[in-house]
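All remarks here apply to the structure that follows.
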Amino acid sequence: MDSEIGRCLADTLNPDLNHSSGSVLRKYVREHWSPYFGSFKGSAPPTEIKDAVRNAIFQCLSDPQSKIRSMAANVLSLIANCDWPDNYPSLLNDLLTLLSSVSPHSVHGAMQVFTEFAKDDLTEDQLLPVLQHLLPVLLNILGDHQHHSPITRARSVSVFRQCLQALYMVKEQHPQAIKDAIVGILPEWIEAFKVLLMQDLNFELSESDRWDALLVRVQIFKTLDVINIAFDRSLKFHATSFLDISLHHLQVLLPSFAKYNIYSTDIAPTSSEDEIITIPRLATPIIDYISSLSRRSAAKIWFDSTNLIPLTCAIFQWIQMTGEDEELWTNNPNAFLAQEDDESQEYSVRVAGLDLLSNLLERFPTDATRALEAATTKLIDSSNIARQYGTSDWWRALEAVLAALGGVSSSVLEVLEDEESSTRMKSIDIEGLLLNVVPPVLALSGNGRGFVFASQYAKRLTPGLASQYLEAALQALESTVAGIPVKVSAVKAIRNEEIASFCSQVEESVVVNVAPQIIRGLGPFLATTTEDTLALVLETTSVVVEIGEGEWLDPDLALLLSQVALDIWTRNIKDPILLSVLEDLFTDLASSRTPGVYQAVVTQCLPILCNALAQPNLDQPFITTSAIDLISALAQGAQRGALGDGFFAALAPHLFARLRDRQDNELLENAIVLLTLVIRKDASQILSWTDDQGQSGLVNILSLVGRVLAPSENDTGGLVVGDLIIHLLRNAGDSVLPVLPDLIKAVVNRMTTAKTLTLSQSLITPLTYLIYSHRDSVLGVLSSFTVTDTKPVKTGLEVFLSAWMENSEGLQGLWSQRISDLAICSILSSNRTDLFNIPVKGDVIITPETANVIMTRSKTKNAPHEYRSITFAVKAFKQLLQDLGMDEDCGLDVKNADAQSDDGVRLSVPFQKVPEFDWNLNYLQDSQWADSDEDGEKLIQGLKKDEYAYLSEILGGKSGFDDDEDGPSGGLDDEDLKEDPVYTMDIKAYLRNFISQFAQQPELRPMIDQLNAQEILIVKRIVEGTH
């Protein structure tokens, strides 16, 4: 054992072996050092061996090689995990001694151990005592520039920042102790930072060969940002001073940034060690710090026009395109697009600058916008002067202006709209830029930024000016001299999804006339681009095809686009993003209203896709699934009843063959989606097709449904099977009737194993539709069988009613919600009063163990929720009241029980007339349950209208019955369902009419005690005709 350890330690001193030996040593410590480690094996070494190992590793902290010091620090902190302080009491003093030495290697090694310590190893009780000894030493190192190099001093600030982050992590557990520690620690460090930052920056920049001193400033600004986030009160009286210092730094650093990064006229100095130092590396934390301070009220006074204008001017210059950017974007369009994408761009000084501008506009919208105008004017003037003098880089300042304004276009547009609505003077002249500044540069071969900028502000374009920009974009696409960024910018401008695009601001007839020209201009890109650029070009192509419902598209061009799209698919068959975009394009092509286009696209694509489907592709399953997706896209675009002869016959044999020979959840789900689309578009093709065994398409589909509904299957395929069943029932109802009992039984049995709300809805909605359309027959079937998987054994009806009521509040999709409420009305209006008393799950019972407690999964497992038992009739009626009560204004006249809705659906409900029930309950005082606030504003569920709308949007659940495009997403809201009378009926009037009549029935009287006050109030007002 001794020799093994000795050899390992000796190897760590060999630079060729130190990495692998370090790994071996870490493995040895974890497995053989102490039972403290979870991977410990065998017995621990004797104390004298441990002492020898610790001493040897400690010596490595002073090694001249940085890698060896890092390895030693890592292993020593690992050992300290279990040994310090009990079995290694000298460690802290040894490290402090090492830290106080004059050797930069020793100081660095000790710092690395302390960094690891502060991260992971110190408990709350240990942290403060260690910092009391450590931080004064670090502060001495920072201030001792005679004995310590700038790199060592920078490391002391880095360790200090790590200590602050460790203190912040335990701030909530020990607020007073941390507060006292911060009060004693930070003032001295903050003053030290201020002194160091106020030293001559120009002198440090003038160092021709080394920029080590800049590393200290980098670490200080990063640490100031941490202090501002974690302990902001400590900077309360220093915020404006540090903002002045920060702005001064940005202004002083600009000439060096221009020299070494923008124009790349010289090679920048480096550091004396492995540390990387560049001007952007210093500028970025400065900008981040200013951005962080802009959110603090203590710094608000600084952000006035006196400072905002020079700050904005500086930021505009910092986000200029560098020489490296120019070279990369010229040769790589994907890199250019990534830089333009907020989600994928790498963090850089340009990104930091745009973030700061965005924050300033959020905090100080008017003043920041005026500062943008001032900075824009200044830089455009300097750009024009440079151009007049023949400076080749004149365009960089203009590009930065357009990039900056474009990057914050959403905020600027909001400011402009607010100013216009209040008739205030505009704080920035965007129209002037669009009219006078941008057009002259669009024709230049190197400036594509103008296209992107103009598309970001397309809302400010007049139709005539938008047409000019669109024409310029087309010329750029067709140009033989324009560079890649220009062409990509033109494509992006035609289709800018963030705010608007040229196409959205131009008369549709104008775009229709140039649509073929746009497609021809995009053609070369479709054949040569990849990744993000190809996705953008495909998206743009799809947007153009959609214009005018594709009536401008002719069969020949559609055929050409189909061929190109198939070629892209075969080249990028593993790319899910491109596949999604291709699906949209296939659907748009197939949706064209031009005669012959759909037939041309299907004739070209379907045989190739079916051929891919015909191959087993067991080792490449993505070929099969992607082919199914593209066939689905074609079916999605087809008009109802116009799927085309032989569409299903061409794909069915191969589709069912793949479903038989592969157990693949994705394949199963995609196949169900495709079959659902075929049923929606032309169910007759399924009913008329037979396989080589003589089985019809319907039998094959029902067999697939049975497989998905098998209790042994997971939830994946079941998530979409409900849609399939619904559309089967709606489009092939009579053909399904012979197997309807078996289908109902399979659906109910699957309910007992459903684990997700989505699957439960997928199973519940078909049965609620059947109850609405064939109530008595379906209730009879549900009552005729038992479900043996339940304890105790229940009838199918009991299982269904229980699952329905448990999930009714979470139903997604307007059609699903309405069909559920209509089915409830149908049952409550039936003579099946035996159903009323079937028990279902009610509200959660709040126990002392669960009251005022956030129930995590583990807590719920140990103390499962308990629920009250409630009858079906009560829960169902409560659901109707809840759905109706969600709407702010339900005031319609319900006196005419035989009124009709606008679409002709009768609102009468088949109740017998009974004596009226007195709803004027003496104990119910309207004032006690008033549904308005102190100002008289009506409340919805106790919330004001805007509050309720916001909460509904956040939660994404039911938000009333209004039929609009912004309603709840999810569920069965397909286009053909939106034409269903259930979807278009006046459901609010129907429910009021139903409740008004049901309230007079004797069945409701026993329910009164189980309704809450709000529910009683709703019923009372409906009966009185005031709801």
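Take any residue in the sequence shown, note its place counting from 1, add 294, and you have its number in this note's numbering.
Every residue gets a Cβ at the ideal spot worked out from N, C-alpha and C, and that includes glycine.
All values derive from a computational prediction rather than experimental measurement.
Taking C-beta to C-beta, are T897 and R956 nearer than 9 Å? 9 Å or more divides the Cβ of T897 from the Cβ of R956.
Once the 5 residues before and after A367 are set aside, which same chain residues still bring their CB inside 7 Å of it? Excluding residues within five positions, the ones whose Cβ falls inside 7 Å are L355, G403, Q406, V407, E410.
Report buried or exposed for A1167, applying the criterion of at least 16 other Cβ atoms within 10 angstroms of its Cβ. Buried: at least 16 other Cβ atoms inside 10 Å.
Does the distance from the C-beta atom of S1054 to that of E1103 stay below 9 Å? For S1054 and E1103, no; Cβs fall outside 9 Å.
Does the stretch 470-483 come within contact of the stretch 536-549, defined as at least 3 CB pairs closer than 8 Å? Short answer: they don't touch.
Through-space distance from I609 to Q893, alpha-carbon basis: Answer to the nearest angstrom: the Cα atoms are 55 Å apart.
Identify whether L1163 lies in helix, strand or coil by the three-state DSSP scheme. Looking at the sequence shown, residue 1163 is not Leu but Ser. Correct three-state label for S1163: strand.
Mind checking G938: buried by the 16 CB within 10 Å criterion, or exposed? Buried.
Given a cut-off of 9 Å on the beta-carbon distance, is the pair V808 and L764 in contact? Yes, these two residues count as a Cβ contact at 9 Å.
Presumed contact (8 Å Cβ cut-off) between G437 and A486, rounded CB distance: With 8 Å as the limit, G437 and A486 qualify as a contact, their Cβ atoms being about 6 Å apart.
Determine the direct distance from the alpha carbon of I484 to that of I435, and round the result to whole angstroms. The straight-line gap from Cα to Cα measures roughly 15 Å.
Closest to Q857 by CA distance: which of L903, G890, E845 is it? Nearest neighbour of Q857 by Cα position, chosen from L903, G890, E845, turns out to be L903.
What is the DSSP secondary structure of V1199, counted as helix, strand or coil? Here the model assigns V1199 a pLDDT of 38, short of 50, so the residue's position is not dependable and the matter cannot be decided.
With distance defined between alpha-carbon atoms, name the residue in V464, Q420, V396 nearest to V431. When only C-alpha atoms are compared, the closest one is V396.
Compute the distance between the beta-carbons of L699 and L666, then report whether it is under 9 Å. Yes, these two residues count as a Cβ contact at 9 Å.
Within 9 Å (strictly less), CB to CB, does L883 reach chain C? The chain inventory of the structure shown lacks chain C, comprising one protein chain alone.
DSSP state of P358 mapped onto helix, strand, coil: P358 falls in the coil class under three-state DSSP.
Buried/exposed call for S566, threshold 16 Cβ in 10 Å: Under the 10 Å beta carbon count, S566 is surrounded by fewer than 16 other beta carbons and is classified as exposed.
L1174 to L996 span [Cα, whole Å]: Distance between L1174 and L996, taken at the CA atoms: about 33 Å.
Which runs of the alpha helix (DSSP H) spanning at least 4 residues fall entirely within the stretch 912-945, listed in chain order? Qualifying alpha helix (DSSP H) stretches, in chain order: 915-931.
Take T835 as the anchor and find which of E801, R789, S803 has the nearest alpha-carbon. Minimum Cα distance to T835 is reached at R789.
Where does G437 sit, in a helix, a strand or coil, going by DSSP? DSSP places G437 in helix when its eight states are reduced to three.
Can you tell me the Cβ-Cβ gap for P563 and R504, rounded? I've got them flagged as a contact below 8 Å. Confirmed, Cβ separation roughly 6 Å.
Taking the alpha-carbon positions, what's the E501 to F515 distance? Approximately 21 Å between the Cα atoms of the pair.
Whose C-alpha, out of V706, G1136, L461, is nearest the C-alpha of F525? Distance check between F525 and each of V706, G1136, L461 places L461 closest, using alpha-carbon atoms only.
Cβ pair W612, L548 closer than 9 Å: Yes, Cβ-Cβ distance for W612 and L548 is below 9 Å.
Would you mind sorting L393 into buried or exposed? The rule is 16 or more other CB atoms within 10 Å of its CB. By the Cβ neighbour-count rule, L393 is buried, with 16 or more other Cβ atoms within 10 Å of its own.
Could you check what DSSP says for S990 in three-state terms: helix, strand or coil? DSSP, reduced to helix, strand and coil, places S990 within a strand of the structure shown.
Per-residue DSSP class, three states only, for T1050: The three-state reading of DSSP puts T1050 in coil, since its state is none of H, G, I, E or B.
Could you give the first and the last residue of the continuous alpha helix (DSSP H) run that contains K781? Here the alpha helix (DSSP H) through K781 covers 778-788.
Going by DSSP, what residue range makes up the alpha helix (DSSP H) through Y751? No alpha helix (DSSP H) holds Y751; DSSP gives it neither H nor E.
Relative to the C-alpha of I1020, which candidate in A1004, P1005, V999 has its C-alpha closest? When only C-alpha atoms are compared, the closest one is V999.
Assuming G742 and V782 are in contact, meaning their beta carbons sit under 8 Å apart, how far apart are those beta carbons, in whole angstroms? Rounded, the Cβ-Cβ distance is 7 Å, consistent with contact.
Helix, strand or coil: which one does DSSP assign to T984? In the structure shown, T984 adopts extended strand secondary structure according to DSSP, grouped into three states.
Does DSSP put G1107 in a helix, a strand or coil? It is coil, neither helix nor strand.
Anticipated Cβ contact below 8 Å, R657 with R718, distance rounded: Not really, about 19 Å apart at Cβ, beyond 8 Å.
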